[in-house]
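Protein sequence lines correspond, in order, to chains A and B. Be aware that the first sequence starts at 20, since it is given in this note's numbering, and climbs by one per residue. Be aware that the second sequence starts at 20, since it is given in this note's numbering, and climbs by one per residue. Every residue, glycine too, gets a C-beta built ideally from N, C-alpha and C. Structure first, then comments.
There are 2 protein chains.
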Amino acid sequence: MARHKKVSDQDALLAAINLFWQNGYHNVGTREIEAQTGITRFTLQTTYGGKKALFLKALDTYLDLTDRHLLAPLATADLETLARWFDSPTIPQGFEGSVQSGCFMVNTITALGGQDADVPPRTARYYDMLYAAFGGAIHGAAKAGDLRMVVDLHQCTALAVASAVSVQVAMAAGGPHADYLRTAAAQMIRSWAA
Amino acid sequence: MARHKKVSDQDALLAAINLFWQNGYHNVGTREIEAQTGITRFTLQTTYGGKKALFLKALDTYLDLTDRHLLAPLATADLETLARWFDSPTIPQGFEGSVQSGCFMVNTITALGGQDADVPPRTARYYDMLYAAFGGAIHGAAKAGDLRMVVDLHQCTALAVASAVSVQVAMAAGGPHADYLRTAAAQMIRSWAA
DNA sequence: TGACAAACTATCCATATGGATAGAAATAGC
DNA sequence: GCTATTTCTATCCATATGGATAGTTTGTCA
């Protein structure tokens, strides 16, 4: 039987997510990947398929975890939970140092999206996740009679998605903007209640 | 008197804006800058101060033009003009090929913002411009008695800023999301009217 | 017409990059 | 204890990179 890797796949992948999320694809070289994740350049190539393949796997895992822990549960949440999602956010374990960099996926859309054919399918998945989560909550609230009659469900969903995305950019921007936007989004959601 | 450059400063700078906006800082090499802007690597170094300095000058010029043509005029606009700013956007001359890449500044925040000390001052300027533009319009509408009494001006301003930023990300993302968000934002703004 | 200054061209340079290779090390199973 | 397999280490490689240099070209002015 074979030699074990220095670090487990899971630990290495988590480290890779944080590295690429905080620094972007281009600012991270293969020597830095070795230093920060424990994956040697040999293993990077032979086991993971190279830098680009590791990046995509990290991004896919990020999307998996983001959906599982942050978005999918929202689809069945009530309005107050949705509002608190904005003004009292939870941070997935293991990513505490990265949330100030915004969203790994949003950063990838704006940094690489125009030139990299591997990004658009993931972008589509991300927006699907956002619309499913916020749309689910909003349609659920409507069905429960919790929404004011005058609100347009598609508009509300789009505004919730807009708020979520812009909060991520504001996180990457630094400063107070993310808090302003979180507060405003939570207020907006609470204003939809019957 | 000396030899003239192959292209004018203004044309070169416009070309540099479009190049960096569409491709990002790292995806553009100095040979590509030569090919796309007419600035030789010699001139890039001696006149502009190098690749990074050209990038920052391009970004600053982009912020100047964006403020002048798209944002500053909003500060004295009425609500309907603000709504149309979203659902019937105008494209600054010379940038038609780049708007599908979103916003040069937003792309820079997410791609470089975490590692590059030259970006945060420009990020702060960008958000200041956004808040001044949307805040000005909204406060002006309130002063004119055009807003419903119940709306919170700071919340409205923050939501308008959120919408503007997320539309830019959606442009970079491609697909129908930008149009959804534009429509929703315009509806939201119209819903604030008395 | 010559001088001067600015920009261009062709070439060079040091460094960094992603990935490849060969030999060594580590591990489990037989 | 040996074998097979996987991973590691040290080194190498071809290419790309941002920038530098030297000689040439170009345009204006005196």
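Item: Along the stretch 111 to 140 of chain A, what residues have a CB closer than 7 Å to any CB found in chain B?; Value: Ser120, Gly121, Val125, Asn126, Ile128, Thr129, Ala130, Gly132, Gly133, Gln134 and Pro139
Item: Check the Cβ-Cβ distances between His158 (chain B) and every residue of chain A, and say whether any is below 8 Å.; Value: no
Item: Beta-carbon separation of Ala35 (chain A) and Ala77 (chain A) under 8 Å?; Value: yes
Item: Could you tell me whether the Cβ atoms of Gly57 (chain B) and Ala31 (chain B) are closer together than 8 Å?; Value: yes
Item: Whose C-beta lies closer than 7 Å to the C-beta of Trp211 (chain A) among residues of the same chain, with five residues either side of it excluded?; Value: Leu98, Leu166, Arg167, Val170 and Cys175
Item: Rounded to whole angstroms, what's the CA-CA distance from Thr109 (chain A) to Asp106 (chain B)? Just pull it up for me.; Value: 34 Å
Item: Starting from the beta carbon of Gln174 (chain B), find every residue of chain A whose beta carbon is closer than 8 Å, and list them in chain order.; Value: Thr202, Ala203, Gln206 and Met207
Item: Who are the near neighbours of Ala161 (chain A) in its chain, counting only those whose CB is closer than 7 Å to its CB and skipping five residues on each side?; Value: Leu172
Item: Considering only residues of the stretch 174 to 205 of chain B, which uninterrupted beta strand (DSSP E) runs meet the minimum length of 3 residues and lie entirely inside it, listed in chain order?; Value: none
Item: Here's the rule: buried if 16 or more other CB atoms are within 10 angstroms of the residue's CB, otherwise exposed. What is Asp86 (chain B)?; Value: buried
Item: Residues of chain B with CB under 9 Å from Tyr81 (chain A), in chain order?; Value: What Tyr81 (chain A) touches in chain B: nothing, since even the nearest Cβ is about 14 Å away.
Item: Counting only beta-carbon separations shorter than 8 Å, does Gln64 (chain A) have a partner in chain B?; Value: no
Item: When the cut-off is 8 Å and only beta carbons count, does Ala54 (chain A) lie next to chain B?; Value: no
Item: Between which two residues does the alpha helix (DSSP H) harbouring Val169 (chain A) extend?; Value: Here Val169 (chain A) belongs to no alpha helix (DSSP H), and DSSP marks it neither H nor E.
Item: Closest to Ala151 (chain A) by CA distance: which of A:Phe74, A:Ala177 and A:Thr59 is it?; Value: A:Ala177
Item: Buried or exposed for Thr127 (chain B), going by 16 or more other Cβ atoms inside 10 Å?; Value: buried
Item: Going along chain B, which residues have a C-beta under 9 Å from Asn42 (chain A)?; Value: Gly133 and Gln134
Item: Please classify His23 (chain A) as buried or exposed, where buried requires at least 16 neighbouring CB atoms within 10 angstroms.; Value: exposed
Item: May I have the straight-line CA-CA distance separating Gln119 (chain A) from Leu131 (chain A), to the nearest angstrom?; Value: 20 Å
Item: For chain A, check one thing: does any of its Cβ atoms lie closer than 8 Å to the Cβ of Thr49 (chain B)?; Value: no
Item: Under a three-way DSSP split, which group does Ala212 (chain A) fall into?; Value: strand
Item: For Phe74 (chain A), which of helix, strand or coil comes out of DSSP?; Value: helix
Item: Excluding five sequence neighbours on each side, which residues of the same chain lie with their C-beta closer than 7 Å to the C-beta of His158 (chain A)?; Value: Leu172
Item: Let me know the beta strand (DSSP E) ranges lying completely inside the stretch 27 to 102 of chain B, each 3 residues or longer, listed in chain order.; Value: none
Item: Ala21 (chain A) by DSSP, collapsed to three states: which one?; Value: coil
Item: Just reading off the alpha helix (DSSP H) that Ile128 (chain A) is part of, what are its end residues?; Value: Phe123 to Leu131
Item: Exposed or buried, which one is Gln29 (chain B) when buried takes at least 16 other CB atoms within 10 Å?; Value: exposed
Item: For Gln187 (chain B) versus Asn46 (chain A), is the C-beta spacing smaller than 8 Å?; Value: no
Item: Alpha helix (DSSP H) containing Ala136 (chain A): first to last residue?; Value: Segment: none, Ala136 (chain A) is in no alpha helix (DSSP H) and carries neither H nor E.
Item: Name, please, each residue of chain A whose Cβ falls closer than 9 Å to the Cβ of Gly194 (chain B).; Value: Pro139, Thr142, Ala143 and Tyr146
Item: Rounded to the nearest angstrom, how far is the Cβ of Ala181 (chain B) from that of Ala203 (chain A), given a contact under 8 Å?; Value: 7 Å
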